[in-house]
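J.:
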Amino acid sequence: MDTEGITEDHGADHGDGDLAQSAAMKLSEIGERTKQLGTKFKDPERQRRIILVIVCVALLLDNMLYMVIVPIIPDYLAELQSEADHASFNARVINAGNSSNHTIFKATKGNFDLQIGVLFASKAILQLLVNPLTGTFIDRVGYDLPLFIGLIIMFFSTCLFAFADNYVALFAARSLQGLGSAFADTSGIAMIADKYTEEAERSRALGIALAFISFGSLVAPPFGGILYEFCGKRVPFIVLACICFTDGMLCLTVLKPFSRGERENMPVGTPIYKLMIDPYIAVVAGALTTCNIPLAFLEPTIANWMEETMHSSQWEIGLAWLPAFFPHVLGVYITVKLAAKYPHLQWFYGALGMVIIGASSCTVPACKTFGQLMGPLCGICFGIALVDTALLPTLAFLVDVRHVSVYGSVYAIADISYCVAYALGPVVAGQIVHDLGFIQLNLGMGLANVLYAPALFLLKNVCQMKPSNSERGMLLEEGPTGLYDTIKTQERERKRKGLSNVVDENGIDKYSEEESFENA
Numbered sequence: 408m409d410t411e412g413i414t415e416d417h418g419a420d421h422g423d424g425d426l427a428q429s430a431a432m433k434l435s436e437i438g439e440r441t442k443q444l445g446t447k448f449k450d451p452e453r454q455r456r457i458i459l460v461i462v463c464v465a466l467l468l469d470n471m472l473y474m475v476i477v478p479i480i481p482d483y484l485a486e487l488q489s490e491a492d493h494a495s496f497n498a499r500v501i502n503a504g505n506s507s508n509h510t511i512f513k514a515t516k517g518n519f520d521l522q523i524g525v526l527f528a529s530k531a532i533l534q535l536l537v538n539p540l541t542g543t544f545i546d547r548v549g550y551d552l553p554l555f556i557g558l559i560i561m562f563f564s565t566c567l568f569a570f571a572d573n574y575v576a577l578f579a580a581r582s583l584q585g586l587g588s589a590f591a592d593t594s595g596i597a598m599i600a601d602k603y604t605e606e607a608e609r610s611r612a613l614g615i616a617l618a619f620i621s622f623g624s625l626v627a628p629p630f631g632g633i634l635y636e637f638c639g640k641r642v643p644f645i646v647l648a649c650i651c652f653t654d655g656m657l658c659l660t661v662l663k664p665f666s667r668g669e670r671e672n673m674p675v676g677t678p679i680y681k682l683m684i685d686p687y688i689a690v691v692a693g694a695l696t697t698c699n700i701p702l703a704f705l706e707p708t709i710a711n712w713m714e715e716t717m718h719s720s721q722w723e724i725g726l727a728w729l730p731a732f733f734p735h736v737l738g739v740y741i742t743v744k745l746a747a748k749y750p751h752l753q754w755f756y757g758a759l760g761m762v763i764i765g766a767s768s769c770t771v772p773a774c775k776t777f778g779q780l781m782g783p784l785c786g787i788c789f790g791i792a793l794v795d796t797a798l799l800p801t802l803a804f805l806v807d808v809r810h811v812s813v814y815g816s817v818y819a820i821a822d823i824s825y826c827v828a829y830a831l832g833p834v835v836a837g838q839i840v841h842d843l844g845f846i847q848l849n850l851g852m853g854l855a856n857v858l859y860a861p862a863l864f865l866l867k868n869v870c871q872m873k874p875s876n877s878e879r880g881m882l883l884e885e886g887p888t889g890l891y892d893t894i895k896t897q898e899r900e901r902k903r904k905g906l907s908n909v910v911d912e913n914g915i916d917k918y919s920e921e922e923s924f925e926n927a
């Protein structure tokens, strides 16, 4: 009996030992996989792709949140107002006559339209006011931390949208989104420009980002309208909040925004007010504002015009802009390919895009059916794709050759250019249509784009500049940062020769060391 007990105990010990050994092996495998994953994240090319994904998702979320409220908020506010007015309706009937009732209704209707316009514009207005500060902040602390801050703010803004039950809460959520966008959009685009230093790669990466922006803007209205119709107001915003939270966690894991490595290695960027007085940057900023005015002014006015002239149904109005996504992506693709082959013609692609926008805008009032309207709207989005894809990389190139290669402030200027158009659109466009008419609005926007297009000819010589021909001394009092520019130039030359920077454990560039030895 004792022998049998000893045998059983030995078997149990042997089983526990196998289990412990198996667990140790699994932990070792997990550790090895984690180490391999960390090594992959450290690979510069793979890290750039992950960063591009993070930024594109952030831009997609921002533009979906910007446009998803279009089919939701007017109807939701109308319900809230109807419930509030229902309680006092009987008292108004008793204390007022029919004529005064009609006056009250008209005043209420006008006030309701104004409330919607202010709500839609509040995001762009706050973003416009905050962007000069966020651009400077990004130049000081780097790109990772502002992007993470922007995602956090957008997450809380989306949650507030989901649970807001009055106008004040909706206004606060919309304004909070503008604050988050000022951080996330500017730092995201600037990060792409910083990570992709070669012009062809930069144009391709920024083109991908623009495609995500277009997709978010054009898909959000049907996405929000369908979910609002069948699932209620909260569901669209909860879905976007979950995606935003996931992107924020990915940003925290991969970019490590609280590390100090990037901030310590960044040079001092050019102040934003000095970038604003650069004539070339001013021309680009004006083009970005002008080309986006037709889209910004048509979005709040085209629905009523379609109802009056075409007797369009709600689904036609909701899908009016959706087909324009495809020519927008086509425009991005064509411009990226042309820029890679003929980079000195970036100014021409932008000017051509503005002419297409102007011609398309002028033909919108002539459309009599839903099918006819698709042509001009697709033309507007195709032209905007040409302008944005050509001029956004040009801003980074201007900073490279004329200033210091830190991109926060210059893309804050680009964001300001967009915000000017989208802040004016919801507030001004309706008044212009009321005073002058829808036809005059479109003719004016079209004419503005066609007349501005020749101004881009001033960028012809800029596209032929090289970093060695920097005009920084003409614009900056503090003089050039020669060492930083020299290092950046050497890195680009090595990339052209197919070499890569190799840094040893002491932080010394081996190629630089070899070159110094050869020169000696």
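Residues in the sequence shown are numbered consecutively from 408, following this note's numbering. Note that CB positions come from ideal geometry on N, CA and C, so glycine has one too.
Could you check which residue in L554, D551, S582, F568 has the C-alpha nearest to that of F644?
T.: As a first step, residue 644 is located in the sequence shown; it is residue number 237 there, counting from the start. The shortest C-alpha separation from F644 is found at F568.
J.: Tell me the DSSP secondary structure of P861 in three-state form.
T.: Locating residue 861 in the sequence shown gives position 454, where the first residue counts as 1. For P861, the three-state secondary structure derived from DSSP is helix.
J.: Please confirm whether any heavy atom of the ligand PLP lies closer than 8 Å to the CB of T653.
T.: Questions concerning the ligand PLP fall outside what the structure shown contains, since it holds no ligand whatsoever.
J.: Which same chain residues end up closer than 7 Å to A612 when comparing Cβ atoms and leaving out the 5 residues on each side of it in sequence?
T.: Your numbering for residue 612 matches position 205 in the sequence shown. Cβ within range, chain order: L459, I599, Y603.
J.: Measuring alpha carbon to alpha carbon, tell me which of T801, S816, A828 ends up nearest G595.
T.: Numbered from 1 along the sequence shown, position 188 holds the residue referred to as residue 595. The shortest Cα separation from G595 among T801, S816, A828 belongs to S816.
J.: Out of curiosity, what's the CA-to-CA distance linking V690 and F570?
T.: Here residue 690 corresponds to residue number 283 of the sequence shown, with the count starting at 1. Here residue 570 corresponds to residue number 163 of the sequence shown, with the count starting at 1. Using only the alpha carbons, I get a separation of about 42 Å.
J.: Leaving aside the five residues before and after L535 along the sequence, list all residues of the same chain whose C-beta is less than 7 Å from its C-beta, in chain order.
T.: Here residue 535 refers to the residue found at position 128 of the sequence shown. Within the same chain, I823, C826, V827, A830 come within 7 Å of L535 by CB-CB distance, once the 5 residues on both sides are set aside.
J.: What would DSSP say about D592, mapped onto helix, strand or coil?
T.: If you number the sequence shown from 1, residue 592 lands on position 185. Of the three classes helix, strand and coil, the one that applies to D592 here is helix, per DSSP.
J.: Exposed or buried, which one is C649 when buried takes at least 16 other CB atoms within 10 Å?
T.: Translated into the one-based positions of the sequence shown, residue 649 becomes position 242. Exposed, because fewer than 16 other Cβ atoms sit within 10 Å of the Cβ of C649.
J.: Identify, in the order they occur along the chain, each residue of the same chain with its Cβ nearer than 6 Å to the Cβ of G557, setting aside the five sequence neighbours on each side.
T.: In the sequence shown, the residue the question calls residue 557 occupies position 150. Answer for G557: G587, F590, A591, listed in chain order.
J.: Just to confirm the assignment: which complete alpha helix (DSSP H) runs, minimum length 4, are found wholly within the segment 750 to 832?
T.: 753 to 770, 777 to 809
J.: At the level of alpha carbons, what is the spacing between L394 and E715?
T.: Outside the displayed range of the chain (408 to 927) lies residue 394, so it cannot be described from this structure.
J.: If the criterion is Cβ atoms closer than 9 Å, does the pair A747 and A797 meet it?
T.: By 1-based counting over the sequence shown, the position of residue 747 is 340. By 1-based counting over the sequence shown, the position of residue 797 is 390. Cβ atoms of A747 and A797: not closer than 9 Å.
J.: What ranges does the alpha helix (DSSP H) occupy inside the segment 669 to 738, keeping only unbroken runs of at least 4 residues that lie completely in it?
T.: With a minimum length of 4 residues, the continuous alpha helix (DSSP H) runs that stay inside the segment 669 to 738 are 679 to 683, 686 to 705, 709 to 716, 721 to 725.
J.: If I measure Cβ to Cβ from V622 and keep anything under 7 Å in the same chain, skipping five residues before and after, which residues do I get?
T.: Locating residue 622 in the sequence shown gives position 215, where the first residue counts as 1. The sequence shown places Phe at residue 622, rather than the Val named in the question. Within the same chain, F622 has close Cβ partners L467, F732.
J.: Does the separation of the CB atoms of S624 and N470 fall below 9 Å?
T.: On the sequence shown, position 217 is the one that residue 624 refers to. On the sequence shown, position 63 is the one that residue 470 refers to. Yes, Cβ-Cβ distance for S624 and N470 is below 9 Å.
J.: Just to confirm, is the Cβ distance from V806 to L634 under 9 Å?
T.: Along the sequence shown, one-based indexing puts residue 806 at 399. Along the sequence shown, one-based indexing puts residue 634 at 227. Cβ atoms of V806 and L634: not closer than 9 Å.
J.: Among S529, V548, A465, which one has its Cα closest to the Cα of Y814?
T.: By 1-based counting over the sequence shown, the position of residue 814 is 407. Per the Cα distances, V548.
J.: Identify whether T604 lies in helix, strand or coil by the three-state DSSP scheme.
T.: In the sequence shown, counting from the first residue as 1, residue 604 sits at position 197. DSSP places T604 outside both helix and strand once states are collapsed to three, so it counts as coil.
J.: According to DSSP, is L662 part of a helix, a strand, or is it coil?
T.: Within the sequence shown, numbered from 1, the residue matching residue 662 stands at position 255. In this structure, L662 counts as coil in the three-state DSSP scheme.
J.: Is DSSP giving I476 helix, strand or coil here?
T.: Translated into positions along the sequence shown, residue 476 becomes position 69. In this structure, I476 counts as coil in the three-state DSSP scheme.
J.: Which first and last residues belong to the alpha helix (DSSP H) in which D551 is found?
T.: Counting from 1 along the sequence shown, the entry for residue 551 is found at position 144. Its alpha helix (DSSP H) spans residues 551 to 570.
J.: Using CA coordinates, which residue listed in K775, W728, T801 is at the minimum distance from C785?
T.: Residue numbering aside, residue 785 sits at position 378 when the sequence shown is read from its first letter. Considering only alpha carbons, the answer is W728.
J.: CB-CB under 6 Å to L799, same chain, minus the five flanking residues each way: which ones, in chain order?
T.: To locate residue 799, count along the sequence shown from 1; it is residue 392. Cβ neighbours of L799 beyond the five flanking positions: L613.
J.: Nearest by alpha-carbon distance to N868: which of P730, A531, L752 is it?
T.: Residue numbering aside, residue 868 sits at position 461 when the sequence shown is read from its first letter. The option with the nearest alpha carbon to N868 is L752.
J.: Which word fits Y818, buried or exposed, when buried means at least 16 other C-beta atoms lie within 10 angstroms of its C-beta?
T.: Counting from 1 along the sequence shown, the entry for residue 818 is found at position 411. That one is buried.
J.: I'd like to know whether the C-beta atoms of A836 and T708 end up nearer to each other than 9 Å.
T.: On the sequence shown, residue 836 is found 429 positions in, with the first residue counted as 1. On the sequence shown, residue 708 is found 301 positions in, with the first residue counted as 1. Against a cut-off of 9 Å, the Cβ pair of T708 and A836 comes out as a contact.
J.: Considering only C-alpha positions, which residue in the set I560, P833, L657 is nearest to G524?
T.: To locate residue 524, count along the sequence shown from 1; it is residue 117. Closest by alpha carbon: P833.
J.: For S719, which residues from the same chain have a beta carbon less than 7 Å from its beta carbon, with the 5 sequence-adjacent residues on both sides left out?
T.: Start at 1 with the first residue of the sequence shown, and residue 719 comes out as number 312. Contacts found: M713, F777.
J.: Return the chain-ordered list of same chain residues with a C-beta closer than 7 Å to the C-beta of G851, the five sequence neighbours on each side being excluded.
T.: For this step, residue 851 is matched to residue 444 along the sequence shown. Within the same chain, and ignoring the five residues on either side of G851 in sequence, no residue has its Cβ closer than 7 Å to its Cβ.
J.: Which same chain residues end up closer than 6 Å to A580 when comparing Cβ atoms and leaving out the 5 residues on each side of it in sequence?
T.: Numbered from 1 along the sequence shown, position 173 holds the residue referred to as residue 580. Contacts found: S564, L567, F568, A571.
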